[in-house]
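J.: Those protein sequence lines, which keep their order, are chains E and H. Sequential numbering from 47 applies to the first sequence in my numbering. Sequential numbering from 89 applies to the second sequence in my numbering. Note that CB positions come from ideal geometry on N, CA and C, so glycine has one too. None of these values were measured; they are calculated from a predicted model.
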Amino acid sequence: MVFRESVKKFTGKINEVEMGVGERAIKIGGENVMPFYSFDGDIGNRPRIGMEILDVYPESWIGSLKEIYSDVANNPVEWAKYVEKKFNPDFICLRFEGADPNGLDKSPEECAEIAKAVAENIKLPLVVAGTNNHGKDSVLFEEVAKAVDGKNVVLLSAVEENYKSVGAAGGMVYKHKVVAESSVDINLAKQLNILINQLGVKSENVIMNVGCAAVGYGFEYVVSTIDRIRLAALGQNDKTLQMPIILPVSFETWEIKESIATEEQMPEWGNQEERGIGLEVSTAASLLTVGANAVILRHPKSVETINGFIRELTA
Amino acid sequence: MGLTGLDIFKLTPKKNCKDCGFPTCLAFSMKVASGAAEIEKCPHISSDALSKLAEATAPPMKTITIGRGETEYKLGGETVLYRHEKTFVNRNRFAVLLCDSMDDGEIESKLHSIKRVNYIRIGEEMRVEIIAFKYGGNRKRYVNLINKVKESGLKLTYMLICEDVDLLSEVLKIVKDDNPIVHGTTKENYRDMVNLVKSNKYVLGLKAPSLSELYDLVGEIQKLDYKELILDVGSNSIKEAFQNTVQIRRTALKEGDRTFGYPSIIFVNQLARNDKFMEIAISSLFIMKYGSIIVLEDIDYARALPLFALRQNIFTDPQRPMRVEPDIYSINNADDNSPVLCTVDFALTYFIVSGEIERSKVPVYLAIPDAGGLSVLTAWAAGKFSGLSIAKFIKEMGVEERTNCRKLVIPGKVAVLKGDIEDSLPGWEVIVGTDEAMHLPRFLRELDKEINGAGSIA
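#1: What is the DSSP secondary structure of Cys113 of chain H, counted as helix, strand or coil?
#2: Would you mind telling me which residues of chain E sit closer than 7 Å to Arg31 of chain H, beta carbon to beta carbon, in chain order?
#3: Look up Asp415 of chain H in the DSSP assignment and give the residues it is bridged to.
#4: Please list the segments of the beta strand (DSSP E) lying wholly inside the stretch 98-168 of chain H, counting only runs of 3 or more residues, in order along the chain.
#5: From the beta carbon of Ala361 of chain E, is the nearest beta carbon of chain H less than 7 Å away?
#6: Tell me the DSSP secondary structure of Asp280 of chain H in three-state form.
#7: By the three-class DSSP mapping on this structure, what secondary structure does Thr245 of chain H have?
#8: Report the three-state DSSP secondary structure of Leu91 of chain H (helix, strand or coil).
#9: From Glu159 of chain E to Thr431 of chain H, what distance separates their C-alpha atoms?
#10: Quick check: what's the CA-CA separation for Ser328 of chain E versus Lys364 of chain H?
#11: Could you give the C-beta distance for Ala296 of chain H and Lys327 of chain H, rounded to a whole number, given that I count them as a contact under 8 Å?
#12: Measuring CB to CB, does Ile416 of chain H end up less than 7 Å from Ala455 of chain H?
#13: Please decide whether Arg338 of chain H counts as near chain E, where near means a Cβ-Cβ distance under 7 Å.
#14: Could you give the uninterrupted runs of the beta strand (DSSP E) lying entirely in the stretch 201-281 of chain H, keeping only those of 3 residues or more?
#15: Tell me the rounded alpha-carbon separation between Ala546 of chain H and Leu201 of chain E.
#16: At a CB distance below 8 Å, what residues from the stretch 162-190 of chain H approach chain E? Give them in sequence order.
#17: For Val450 of chain H and Arg533 of chain H, I'd like the C-alpha separation in whole angstroms.
#18: Using C-beta distances below 6 Å, list every residue in its chain close to Arg94 of chain E, excluding the 5 sequence neighbours before and after it, in chain order.
#19: Quick check: what's the CA-CA separation for Met89 of chain H versus Met47 of chain E?
#20: Taking only runs that begin and end inside the stretch 181-251 of chain E, name each unbroken alpha helix (DSSP H) of 4 or more residues, in chain order.
#21: According to the neighbour-count rule (16 or more other Cβ atoms, all chains shown, within 10 Å of its Cβ), is Ile208 of chain H buried or exposed?
#22: How would you write the range of the beta strand (DSSP E) that Cys430 of chain H sits in, first residue to last?
#23: For a contact meaning CB atoms closer than 9 Å, what does Leu299 of chain H contact in chain E?
#24: Considering only C-alpha positions, which residue in the set E:Asn233, E:Val205, E:Ile240 is nearest to Ala226 of chain E?
#25: Could you please tell me which residues of the stretch 439-451 of chain H, in chain order, have their CB closer than 9 Å to any CB of chain E?
#26: Residues of the stretch 279-307 of chain E in Cβ contact with chain H at a cutoff of 7 Å, in chain order, please.
#27: Mind pulling the chain E residues with CB within less than 7 Å of Tyr303 of chain H?
#28: At least one CB of chain E closer than 7 Å to the CB of Phe531 of chain H: is that the case?
#29: Could you tell me whether the Cβ of Asn58 of chain H comes closer than 7 Å to any Cβ of chain E?
#30: What is the DSSP secondary structure of Phe49 of chain E, counted as helix, strand or coil?
#31: Would DSSP call Asn362 of chain E helix, strand or coil?
#32: For Ser463 of chain H, which residues in chain E fall below 7 Å Cβ to Cβ?
#33: Which chain E residues sit within Cβ distance under 7 Å of Asp388 of chain H?
#34: So the candidates are E:Phe187, E:Asn198, E:Leu241, E:Leu238; which of them puts its Cα closest to the Cα of Ala215 of chain E?
#35: Are the beta-carbon atoms of Asn332 of chain H and Leu299 of chain H separated by less than 7 Å?
#36: Can you give me the start and stop residues for the beta strand (DSSP E) that Leu294 of chain H sits inside?
Next up, the structure:
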């Protein structure tokens, strides 16, 4: 017998979604095969990498990162410009840690000013991440969406509790992209997509965050949820699940013990920075393998590594 | 695969002797076909028919065994491409590679790393399982290297990577009782290789310049009736190795072609070209997608913490969630004045809750009763996390001897249990905690202030 390649064709296709404007605008999605399965068909746009910055000084970040950003970390605009110039990711994710009602509780207006200034000073597409407080995010995104009108930013994210206001302001009035966030369950993801769609936000303006975890922390649920979503989107041509996926990897991996335990606390584990990068790289590579179209990372070394990883697999 | 009752009936003696316990050969055959009876129940069936049956009913991917005793592992035997379809069965194993061309310092350092990185995570040993010996051209050093590791007493399965049959027959004397993997079978040497390992049934590693040549090589070796095999997916590029690995698995499981029904071996160390973080990324790729043996350059905690944890997650049976041992866990050096917090034994809950407690830096005893490995609300709904069971656990585990504090924090989602627990635990104050673990640090710091005035932490 002679070997014949096993080929799997699907009828469905992942939506193509554009982020940002101008020469540095990017597209994600567009594939009609499982991730990196170029031997089956069209792998679409290559997965994209965003870098995380904050609206406030990154107090909780590890020492080496604070050092890298020491000259710019007090000013989100300078920070964004620095990241764009120095590390050249595909997009920048500005996270409003300072808007958290349990923290500095900055006003939506103040945040909107910052978002506007950042968007106007970079060429890269911008993702704006909220506080995870649904009420606050609802007003925060309304203000931000208005302030960055015309910049085609991505709002991370709308959840079941606030999708109406985030969807209406972000997706409909100002025509930004809305991330539909659900918690690791194919049915919840589908339901929220349908709700946002019924609200009037077009499918091609929606990206999904189907829930994210660090490796070792219930990661198998994320993997199986995305596997099932992808198989339904491609295999059953389920239009309500064909949105590309964005996952804020760094929000998870830099919070777990393996990354935050210092060398004094865990001497046998060795270098803390290397552990943090290892966790971030492994989680990102695994999520890209299962179907993420965009990941958000924190450490420049992780960005460099995952960039190489994607380049090799899409060569 | 998929033999019908009639197919099996043709292989029986058709005498209706009832020795199998069934009234007729046909009835028996129907039962065998449905999996309700073992063909061995028929004492008259010929060995020829038996092997025909075994062949026809064999799973699409072979399970091979490597190593012996404490270091014995099974690889392969998978039946699905995605874990939610059923489950992945045999987890991948990690190897670190040594070569006679490395200097003594490098070899020592790698052996030391292997020994050092060895820990338990959710009841599972996390360590490198395989040591690979690559022949680099110095016969004497190669033999000495294997002897040295063998004598070190490290608990490892051996993989010999060498195409020289004479040299292999020499070094196999050293590890003959350890059921090593013998890697380096090519279309040039495969007859000699099969002869070398046949009597001991060692697993042979196969390699070829391309996937179709690998396919042909497996075919040739199967003709020699040898089936203890593992397939090297190649190291030309990450893309090609990935494509080959997926093709091999899919050919076996979806096309039903057992020529590729064998586990895989991936030399991530070569693909990563001395870039440690790239090695972590590529290893993750192959843990997710069908790698059986993943060969690393070296091991340290930066690699081990993510990779072993990822493997543990991926190879968890979706029907049986991971659980932690019921116990009273001391976190942040809890002492005789620390409060008690209670949650369920579902591993994910435990990890998230214990992580948040660690972040709070507040010393706490974390009480984990047996809640059936379910999440808080599911366990409560199933009656496995009740006021009575919590109270009983606190009493039986002697919590009152370990701390003088009589405050017990329960998950916010089961606030309804407060009364029940207080009734069964006289002297205790039950405090309803937060709904979400992420709010625990703030909650615990306030509780700590309440107990210790200024607070026990700076």
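T.: This is what the structure gives:
#1: Taking the first residue of the second sequence as position 1, residue 113 of chain H is located at position 25. In the structure shown, Cys113 of chain H sits in a helix (DSSP, three-state: H, G or I).
#2: Not covered by the structure: residue 31 of chain H. The range shown for chain H is 89 to 546.
#3: Start at 1 with the first residue of the second sequence, and residue 415 of chain H comes out as number 327. The partner list for Asp415 of chain H (beta bridge, DSSP) reads H:Ile456.
#4: 151-154, 161-164
#5: Residue 361 of chain E sits at position 315 when you count from the first residue of the first sequence. By this cut-off, Ala361 of chain E is an interface position.
#6: Within the second sequence, residue 280 of chain H is the residue found at index 192, counting from 1. Note: Asp280 of chain H maps to helix in three-state DSSP.
#7: Counting from one through the second sequence, the residue named residue 245 of chain H turns up at place 157. Note: Thr245 of chain H maps to strand in three-state DSSP.
#8: Here residue 91 of chain H is taken as the residue at index 3 of the second sequence, counted from 1. Coil.
#9: Here residue 159 of chain E corresponds to residue number 113 of the first sequence, with the count starting at 1. Here residue 431 of chain H corresponds to residue number 343 of the second sequence, with the count starting at 1. The straight-line gap from Cα to Cα measures roughly 43 Å.
#10: The count along the first sequence starts at 1 and reaches residue 328 of chain E at position 282. The count along the second sequence starts at 1 and reaches residue 364 of chain H at position 276. Straight-line Cα distance between these residues: approximately 11 Å.
#11: Translated into positions along the second sequence, residue 296 of chain H becomes position 208. Translated into positions along the second sequence, residue 327 of chain H becomes position 239. That belief does not hold up - the Cβ atoms of Ala296 of chain H and Lys327 of chain H are roughly 18 Å apart, past 8 Å.
#12: Your numbering for residue 416 of chain H matches position 328 in the second sequence. Your numbering for residue 455 of chain H matches position 367 in the second sequence. Against a cut-off of 7 Å, the Cβ pair of Ala455 of chain H and Ile416 of chain H comes out as a contact.
#13: Counting from one through the second sequence, the residue named residue 338 of chain H turns up at place 250. Yes, because at least one Cβ of chain E sits closer than 7 Å to the Cβ of Arg338 of chain H.
#14: 207-209, 212-214, 218-222, 245-249, 269-273
#15: Counting from one through the second sequence, the residue named residue 546 of chain H turns up at place 458. Counting from one through the first sequence, the residue named residue 201 of chain E turns up at place 155. Per-residue confidence for Ala546 of chain H stands at a pLDDT of 44, beneath the threshold of 50, marking its modelled position as unreliable; no derived number is given.
#16: Tyr170, Arg171, His172
#17: As a position in the second sequence, residue 450 of chain H is number 362, starting the count at 1. As a position in the second sequence, residue 533 of chain H is number 445, starting the count at 1. Going by the C-alpha atoms only, they are around 6 Å apart.
#18: For the purposes of this step, residue 94 of chain E is taken as residue 48 along the first sequence, with counting starting at 1. If we look at Arg94 of chain E and ignore the five residues flanking it on each side, its Cβ neighbours are Ile72, Ile74, Asp136, Ala340.
#19: Taking the first residue of the second sequence as 1, we reach residue 89 of chain H at position 1. Taking the first residue of the first sequence as 1, we reach residue 47 of chain E at position 1. Confidence at Met89 of chain H is low in this model, with a pLDDT of 47, below 50, so the placement of that residue should be treated as unreliable; the coordinate-derived value is given next. Their backbone Cα atoms lie some 19 Å apart in a straight line.
#20: 209-212, 232-245
#21: Walking along the second sequence from the start, residue 208 of chain H turns up at place 120. Exposed: under 16 other Cβ atoms inside 10 Å.
#22: Indexing the second sequence from 1 puts residue 430 of chain H at position 342. Residues 428-430.
#23: Here residue 299 of chain H corresponds to residue number 211 of the second sequence, with the count starting at 1. Phe49, Glu51, listed in chain order.
#24: Here residue 226 of chain E refers to the residue found at position 180 of the first sequence. Cα-wise, what sits closest to Ala226 of chain E is E:Val205.
#25: Phe439, Ile440, Ser442, Gly443, Glu446, Arg447
#26: Ile302, Lys303, Glu304
#27: Your numbering for residue 303 of chain H matches position 215 in the second sequence. Phe49, listed in chain order.
#28: Here the question's residue 531 of chain H lines up with position 443 in the second sequence. Answer no: the Cβ-Cβ gap between Phe531 of chain H and chain E never drops below 7 Å.
#29: Given that chain H is displayed from residue 89 to residue 546, the structure contains no residue 58 of chain H and the question cannot be resolved.
#30: On the first sequence, position 3 is the one that residue 49 of chain E refers to. Coil.
#31: Residue 362 of chain E lies beyond the residue range present for chain E, which begins at 47 and ends at 361; the question has no answer from this structure.
#32: Position 375 of the second sequence, counted from the first residue, corresponds to residue 463 of chain H. Residues of chain E passing the Cβ test: none, with the nearest at roughly 10 Å.
#33: Translated into positions along the second sequence, residue 388 of chain H becomes position 300. Within 7 Å Cβ-Cβ: Gly316.
#34: Position 169 of the first sequence, counting from 1, holds the residue named residue 215 of chain E. Closest by alpha carbon: E:Phe187.
#35: In the second sequence, counting from the first residue as 1, residue 332 of chain H sits at position 244. In the second sequence, counting from the first residue as 1, residue 299 of chain H sits at position 211. Yes, these two residues count as a Cβ contact at 7 Å.
#36: By one-based count along the second sequence, residue 294 of chain H stands at place 206. Where Leu294 of chain H is concerned, the enclosing beta strand (DSSP E) stretches over 291-294.
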